[in-house]
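The structure under discussion appears below in the form of structure tokens.
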Amino acid sequence: MNQSLLYKWWWKIEKGEGLSQEIVQKKYIKQSTTICMLKTKPSNSPMWNDLLKVKDLYLRGRIMIVGDGKMTDFWRDAWRGLVPLKEKFHVLFDICNEQNGSVFKMAQKKLATQSFPMGSIADTPKWVWEKSGIFSIKSIYEHMFHFEIHKPNKRLWKAKIALRIKLFMWLVGENAILTKDNMYIWGLIALVVGANCRPTLFNAFWVWAKRFLPHAKNYHMVGLAGVCWAISKVRNSSCFEKKVTKSPTQIVCMISSFISFWAELQGGENKKELEDGAGVLKATALLYHPQMPGANTKNESFLTKMV
Numbered sequence: 145m146n147q148s149l150l151y152k153w154w155w156k157i158e159k160g161e162g163l164s165q166e167i168v169q170k171k172y173i174k175q176s177t178t179i180c181m182l183k184t185k186p187s188n189s190p191m192w193n194d195l196l197k198v199k200d201l202y203l204r205g206r207i208m209i210v211g212d213g214k215m216t217d218f219w220r221d222a223w224r225g226l227v228p229l230k231e232k233f234h235v236l237f238d239i240c241n242e243q244n245g246s247v248f249k250m251a252q253k254k255l256a257t258q259s260f261p262m263g264s265i266a267d268t269p270k271w272v273w274e275k276s277g278i279f280s281i282k283s284i285y286e287h288m289f290h291f292e293i294h295k296p297n298k299r300l301w302k303a304k305i306a307l308r309i310k311l312f313m314w315l316v317g318e319n320a321i322l323t324k325d326n327m328y329i330w331g332l333i334a335l336v337v338g339a340n341c342r343p344t345l346f347n348a349f350w351v352w353a354k355r356f357l358p359h360a361k362n363y364h365m366v367g368l369a370g371v372c373w374a375i376s377k378v379r380n381s382s383c384f385e386k387k388v389t390k391s392p393t394q395i396v397c398m399i400s401s402f403i404s405f406w407a408e409l410q411g412g413e414n415k416k417e418l419e420d421g422a423g424v425l426k427a428t429a430l431l432y433h434p435q436m437p438g439a440n441t442k443n444e445s446f447l448t449k450m451v
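Following the working numbering, the numbering of the sequence shown begins with 145 at its first residue and continues without gaps.
Next up, the structure:
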């Protein structure tokens, strides 16, 4: 389903508009549960899990106008201003014993030191990305674009590597490379990880890169692309051509060759540093897997086709 329609579904669910939305609300949203607390589950329908995947961005664009307080999360919803109390007072939230609950529940327990008006009508959402306060497809598209162009993607599109590699890396970052799923279908691996447990590769890589390579920001994306592209090529050779990789050092050498090849696209000092780094990587790998005579020429021809 189109993402913008999923956001519109959330709006209709909270506004109580539409028969389908009412059915979904009664099935998945209990009266004592706020939207912020909902999570994906294997027992959910695929459509409901798709809705939950876009929930966080939807919540960025809406605040709650408190009526009876039953559908507004005290900590996680924005209802006292444009920012949730959890973000305003994160230290207090961390030490609080009551981290889950609606405004109504907190008021009943008298856990709030400041009084706030409670009404008898239901809570209603307000869309802060439109002056009218009403959800629009246009506003969500604008903010989808804004949030998708985060730092890793900026590095990706600015990286001096081939366009096809950039597109491949974008798919990797979006978890759109169905490697695990397809290999399971072909009987090559056992499915031991749930569909909702896919690692966020980009996030893990940037944490590692900033920690151990803080002074090599210009090369982070080139290195990551080399790793992912090499693994993808080896995977394809194994699946479709029945070629077995005899040693992991072959993959490392391939990574080195890709990085060295893309170094030609860089300028000045960057080119030299990348070539030197690729050379050190390859030399280290060859300490454990000596290169066969005549392999150099073959590899260069092969890599030219691959890149």
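We put the CB at the ideal spot given by N, CA and C, even for glycine. Nothing here was measured: the structure is a model prediction, and the numbers come from that model.
Query                                                                                                                                                       : Result
Give me the Cα-Cα distance between K449 and P186, rounded to the nearest whole angstrom.                                                                    : Unreliable positioning characterises K449 in this predicted model, as indicated by a pLDDT of 49, which lies under 50. A coordinate reading is not provided.
Got a sec? Which residues, its chain only, sit under 7 Å from K426 by beta carbon, not counting five neighbours each side?                                  : C397, S400
Quick one, are the C-beta atoms of V168 and T216 less than 7 Å apart?                                                                                       : no
Looking at the unbroken alpha helix (DSSP H) that takes in T101, where does it start and where does it end?                                                 : There is simply no residue 101 to check, as the chain begins at 145 and stops at 451 in what is shown.
Apart from the five residues just before and just after Y202, which ones in its own chain have a Cβ nearer than 6 Å to its Cβ?                              : Y151, W154
CB-CB under 7 Å to C365, same chain, minus the five flanking residues each way: which ones, in chain order?                                                 : Checking the displayed sequence, the identity of residue 365 turns out to be Met instead of Cys. So the qualifying residues of the chain are R299, L300, A303.
In the DSSP assignment, what residue or residues form a beta bridge with R206?                                                                              : W271
Using a Cβ-Cβ cut-off of 6 Å (strictly less than) and excluding sequence neighbours within five positions of S214, which residues of its own chain qualify? : For the sequence presented, residue 214 should be read as Lys rather than Ser. The answer, listed in chain order, is S246, F248.
Can A422 and T393 be called in contact, C-beta distance under 7 Å?                                                                                          : no
Between the Cα of W273 and the Cα atoms of E286, S264, A266, M262, which residue gives the shortest distance?                                               : E286
Alpha carbons only, please: which of G370, S264, P269, K270 is nearest the one belonging to R308?                                                           : G370
Thinking C-beta only, is W219 closer than 7 Å to L229?                                                                                                      : yes
What are the boundary residues of the alpha helix (DSSP H) that includes V235?                                                                              : 234-239
Between which two residues does the alpha helix (DSSP H) containing N380 stretch?                                                                           : 364-384
D212 by DSSP, collapsed to three states: which one?                                                                                                         : coil
Using the C-alpha atoms, what's the distance from E318 back to K452?                                                                                        : Outside the shown range of the chain (145 to 451) lies residue 452, about which nothing can therefore be said.
Give the range of the alpha helix (DSSP H) segment to which W153 is assigned.                                                                               : 147-159
Pull up the distance between the alpha-carbon of L315 and that of N297, whole angstroms please.                                                             : 11 Å
What are the partner residues of S246, as DSSP defines its beta bridges?                                                                                    : D217
What did DSSP end up calling P392 once you bin it into helix, strand or coil?                                                                               : helix
For the alpha helix (DSSP H) containing V168, list its first residue and its last residue.                                                                  : 163-172
Taking V227 as part of the alpha helix (DSSP H), name the residues at either end of that continuous run.                                                    : Segment: none, V227 is in no alpha helix (DSSP H) and carries neither H nor E.
Given that a residue counts as buried once 16 or more other Cβ atoms are within 10 Å of its Cβ, and exposed if not, what is Q410?                           : buried
Measure the C-alpha to C-alpha separation of N362 and V424 and round it to an integer number of angstroms.                                                  : 18 Å
Can the beta-carbon of S148 be found less than 7 Å from the beta-carbon of I305?                                                                            : no
Within 10 Å of its beta-carbon, does M191 have 16 or more other beta-carbons around it, so buried, or fewer, so exposed?                                    : exposed
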